[in-house]
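Chemist: Encoded as structure tokens, here's the structure I'll be asking about.
Number of protein chains: 2
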Amino acid sequence: MLAKLPGLGPRSARRAALHLLKRRDSVMAPLARLLDEAAAAVTTCSVCGTLDSTDPCAVCADPGRDTTQICVVEEVGDLWALERAGAFKGRYHVLGGVLSALDGIGPEELNIARLVARAGEDGCREVILALSATVDGQTTAHYIAERLASLGVSVTRLAHGVPVGGELDYLDDGTLSAALRARRPV
Amino acid sequence: MLAKLPGLGPRSARRAALHLLKRRDSVMAPLARLLDEAAAAVTTCSVCGTLDSTDPCAVCADPGRDTTQICVVEEVGDLWALERAGAFKGRYHVLGGVLSALDGIGPEELNIARLVARAGEDGCREVILALSATVDGQTTAHYIAERLASLGVSVTRLAHGVPVGGELDYLDDGTLSAALRARRPV
Chain A
46 MLAKLPGLGP RSARRAALHL LKRRDSVMAP LARLLDEAAA AVTTCSVCGT
96 LDSTDPCAVC ADPGRDTTQI CVVEEVGDLW ALERAGAFKG RYHVLGGVLS
146 ALDGIGPEEL NIARLVARAG EDGCREVILA LSATVDGQTT AHYIAERLAS
196 LGVSVTRLAH GVPVGGELDY LDDGTLSAAL RARRPV
Chain B
46 MLAKLPGLGP RSARRAALHL LKRRDSVMAP LARLLDEAAA AVTTCSVCGT
96 LDSTDPCAVC ADPGRDTTQI CVVEEVGDLW ALERAGAFKG RYHVLGGVLS
146 ALDGIGPEEL NIARLVARAG EDGCREVILA LSATVDGQTT AHYIAERLAS
196 LGVSVTRLAH GVPVGGELDY LDDGTLSAAL RARRPV
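Chains as they are written, first to last, in this note's numbering: chain A, 46 to 231; chain B, 46 to 231.
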């Protein structure tokens, strides 16, 4: 079972299992109890689709957050990344993945219908598509933008360009071209 | 001498030297001749400061390039990266580094005076600062923008944001914040 976790292969899973077995009282029992508690407590937010111990989640329930903006992310990990950066004060919507013909992921497999409903509610003014700059991510962004086109909300996407700390010589051609096209006044 | 090349340590330099010595006729002599020829032929372009076998360089001498735009880069390698991307059709200016108080690099050590002169010439309308998104790179960009402020040319910088192919979860906080601030309509 441990070998099925992402980042663990059969060999490292055996090492982890042995590590646990040697520390049955100090590590293994507390870990088992915590996993059990977390599995029972964590639920999917019925508003945005993130994982939290409350429903609605802490972000959706927070009256201090800007309700005019919805930031659409692929996975819960992306929501955590944006919260870590502290750059966004609105609410989120977790798709649960991206459209992928190859993996058979269509619009029905993603949390898109609920997003369209939320974007159509009173008070929503902007939907920010914070999806990966990959082919599947951008396909999904265009699909969602089309679905939202008739609602009268503004649909935006993250800027593409040079990452902070990035040196030109190490960047790929696509990023360089995008950064040059989207250049801004100093 | 080989060990002084970037990317080679004493051990790999010894390996490279042995490799050459074993192939004196097929590799070592031709390499020596090419290095000799290149050292004699390559010169610094008196217009933009890049390295080429002609002066002015091939880009500066090309009548098909847009003369209204000057793209400022740190090093010749950055110019090559932008040419590889094929995204820019104007001319370049190579600074030869960035301002760095720590390394004692001031404005006089860089090719800045020549840039101010070029930007002041008739026909120049935009200076694009394609410098690294590092602290030194941005300090240099601001210094140059101030020096050019009175000339009436527009001064722009590359966009910051998500690199093409980038996934949100792997980005640093600064890039995420910049990408969110500079978001654009889909």
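Using N, Cα and C, we set each Cβ at its ideal position, and we do this for glycine too.
Compile a chain-ordered list of the residues in the region 195-221 of chain A whose CB is closer than 9 angstroms to at least one CB of chain B.
Modeler: Under the 9 angstroms Cβ criterion, the region 195-221 of chain A contributes SER199, VAL200, THR201, ARG202, LEU203, ALA204, HIS205, GLY206, VAL207, PRO208, VAL209, GLY210, GLY211, GLU212, LEU213, ASP214, TYR215, LEU216, ASP217, ASP218, GLY219, THR220 and LEU221.
Chemist: May I ask you to list, following chain order, the residues of the region 166-184 of chain A that have a beta carbon less than 7 angstroms from some beta carbon of chain B?
Modeler: Answer in chain order: ILE173, LEU174, ALA175, SER177, ALA178 and THR179.
Chemist: What residue range is occupied by the uninterrupted beta strand (DSSP E) comprising A:ARG68?
Modeler: No beta strand (DSSP E) holds A:ARG68; DSSP gives it neither H nor E.
Chemist: Please state whether the Cβ-Cβ distance between A:VAL17 and A:GLU171 is less than 8 angstroms.
Modeler: Given a span of 46 to 231 for chain A in the structure shown, any question on residue 17 of chain A remains unanswerable.
Chemist: Would B:HIS138 pass as a contact of B:GLY94 if the rule is Cβ separation under 8 angstroms?
Modeler: Taking 8 angstroms as the Cβ cut-off, B:HIS138 and B:GLY94 qualify as a contacting pair.
Chemist: Just the C-alpha distance for B:LEU124 and A:ALA146, rounded to the nearest angstrom, thanks.
Modeler: About 38 angstroms.
Chemist: Who are the Cβ neighbours of B:LEU203 in its own chain at under 7 angstroms, not counting the five residues just before and after it?
Modeler: Hits under 7 angstroms: ALA175.
Chemist: Going by C-alpha distance, which of A:GLN114, A:VAL92, A:THR99 and A:GLY210 is nearest A:ILE157?
Modeler: Looking at the Cα atoms, A:VAL92 is the closest of the given residues.
Chemist: Measuring CB to CB, does A:HIS205 end up less than 8 angstroms from A:THR184?
Modeler: Result no, Cβ atoms of A:HIS205 and A:THR184 do not sit closer than 8 angstroms.
Chemist: In angstroms with no decimal places, state the Cα-to-Cα distance between A:PRO208 and A:LEU160.
Modeler: Spanning the two alpha carbons is a distance of roughly 29 angstroms.
Chemist: Taking DSSP's pairing of strands, which residues face A:HIS138 in a bridge?
Modeler: A:HIS138 pairs with A:VAL117.
Chemist: Using a Cβ-Cβ cutoff of less than 7 angstroms, which residues in the same chain neighbour B:PRO101 once the five nearest sequence positions on both sides are dropped?
Modeler: Within the same chain, B:PRO101 has close Cβ partners CYS90, SER91 and VAL92.
Chemist: What span of residues does the beta strand (DSSP E) with B:VAL200 cover, start to end?
Modeler: Unbroken beta strand (DSSP E) run through B:VAL200: 199-202.
Chemist: Apart from the five residues just before and just after B:THR112, which ones in its own chain have a Cβ nearer than 6 angstroms to its Cβ?
Modeler: Excluding positions up to five away in sequence, the list reads GLY168.
Chemist: Over the uninterrupted alpha helix (DSSP H) stretch that includes B:ILE157, give me the two end residues.
Modeler: Per DSSP, B:ILE157 belongs to the alpha helix (DSSP H) from 157-165.
Chemist: Hey, could you find the ends of the beta strand (DSSP E) B:VAL172 is sitting in?
Modeler: It spans 171-174 - the beta strand (DSSP E) in which B:VAL172 sits, taken as one unbroken run.
Chemist: How close, in whole Å, do the beta carbons of B:ALA224 and B:LEU196 come, if the pair is a contact with beta carbons under 8 angstroms?
Modeler: Between B:LEU196 and B:ALA224 the Cβ distance is about 31 angstroms, and since that is not below 8 angstroms, they are no contact.
Chemist: Kindly indicate which three-state DSSP category B:ARG228 falls into: helix, strand or coil?
Modeler: In this structure, B:ARG228 counts as coil in the three-state DSSP scheme.
Chemist: What residues from chain A crowd round B:ALA130, counting only those whose CB sits closer than 9 angstroms?
Modeler: Those within 9 angstroms of B:ALA130 in chain A are LEU216, ASP217, ASP218, GLY219, THR220, LEU221, SER222 and LEU225.
Chemist: Three-state secondary structure (DSSP) at A:LEU193?
Modeler: Looking at A:LEU193 - three-state DSSP - the assignment turns out to be helix.
Chemist: Out of B:ALA84, B:PRO51, B:GLY210 and B:SER57, point me to the one whose CA is closest to A:THR179's CA.
Modeler: Minimum Cα distance to A:THR179 is reached at B:GLY210.
Chemist: Mind listing the chain A neighbours of B:LEU127? Cutoff is C-beta to C-beta under 8 angstroms, in chain order.
Modeler: By Cβ distance, chain A contributes LEU213, LEU221 and LEU225.
Chemist: What whole-angstrom Cβ distance do A:ILE173 and A:GLN114 have, given they're in contact under 8 angstroms?
Modeler: At roughly 6 angstroms, the Cβ-Cβ gap stays under 8 angstroms, so A:ILE173 and A:GLN114 are in contact.
Chemist: Please name the residue or residues paired with A:HIS205 in a DSSP beta bridge.
Modeler: Note: A:HIS205 sits in a beta bridge opposite B:VAL207.
Chemist: Could you give the distance in angstroms between the alpha-carbon of A:ARG68 and the alpha-carbon of A:ALA61?
Modeler: Roughly 11 angstroms separates the two Cα atoms.
Chemist: Does any residue of chain B bring its CB to less than 8 angstroms from the CB of A:ARG110?
Modeler: No, its Cβ sits nowhere closer than 8 angstroms to a Cβ of chain B.
Chemist: Got a sec? Which residues, its chain only, sit under 8 angstroms from A:VAL87 by beta carbon, not counting five neighbours each side?
Modeler: Only LEU96, ASP97 and SER98 meet the Cβ criterion.
Chemist: Alpha carbon to alpha carbon, what distance is there between B:ALA227 and B:ASP218?
Modeler: For B:ASP218 and B:ALA227, the distance between alpha carbons rounds to 14 angstroms.
Chemist: If you measure from the beta carbon of B:GLY135 to each beta carbon in chain A, is any gap under 8 angstroms?
Modeler: No - not a single Cβ of chain A is within 8 angstroms of the one on B:GLY135.
Chemist: For B:LYS134, collect the residues of the same chain with a Cβ closer than 7 angstroms to its Cβ; drop the 5 residues on either side in sequence, then sort them by chain order.
Modeler: Closer than 7 angstroms at the Cβ level, and outside the excluded window around B:LYS134, lie ARG110 and ASP111.
Chemist: Output yes or no for whether 8 angstroms exceeds the beta carbon distance between B:GLU212 and A:SER222.
Modeler: Not closer than 8 angstroms, so no.
Chemist: So, with DSSP's three-state summary, where would you put B:LEU96?
Modeler: Reduced to three states, the DSSP call for B:LEU96 is strand.
Chemist: Whole angstroms are fine: how far does the CA of B:LEU140 sit from the CA of B:GLY149?
Modeler: Computed Cα separation, rounded: 15 angstroms.
Chemist: Got a sec? Which residues, its chain only, sit under 8 angstroms from B:GLU154 by beta carbon, not counting five neighbours each side?
Modeler: The residues are GLY141 and GLY142.
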